[in-house]
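These notes are about the structure you will find just below.
In the numbering used here, the protein residues as written are 3 to 72.
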């Protein structure tokens with residue numbers, strides 16, 4: 003289970019990365035090395051990119067299906 007600070011950090015990183023503060027960044031993953039923190043951040047950004055691509059392709063398929071029916 004993730005603690006509340008980590009959940010907040012993940013949500014802020016994925017949804018509002020420009021609003022992350024130094025105090026929030028310092029308060030999570032305290033026992034992690036810097037390389038591990040970077041790895042976690044890369045995984046989160048990759049997950050966000052994949053979600054955006056899924057959303058885009060779903061909209062594209064929906065548009066394509068609606069234009070072929072008409």
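Every residue gets a Cβ at the ideal spot worked out from N, C-alpha and C, and that includes glycine.
Because the structure is a prediction, the values reported are computed rather than measured.
message = For a quick check, are the C-beta atoms of residue 22 and residue 31 less than 7 Å apart?
response = no
ask   = Expressed to the nearest angstrom, what Euclidean distance is found between the alpha-carbon atoms of residue 52 and residue 12?
value = 15 Å
ask   = Out of curiosity, what's the CA-to-CA distance linking residue 6 and residue 68?
value = 42 Å
query = How many Å lie between residue 42 and residue 26 at the Cα?
reply = 15 Å
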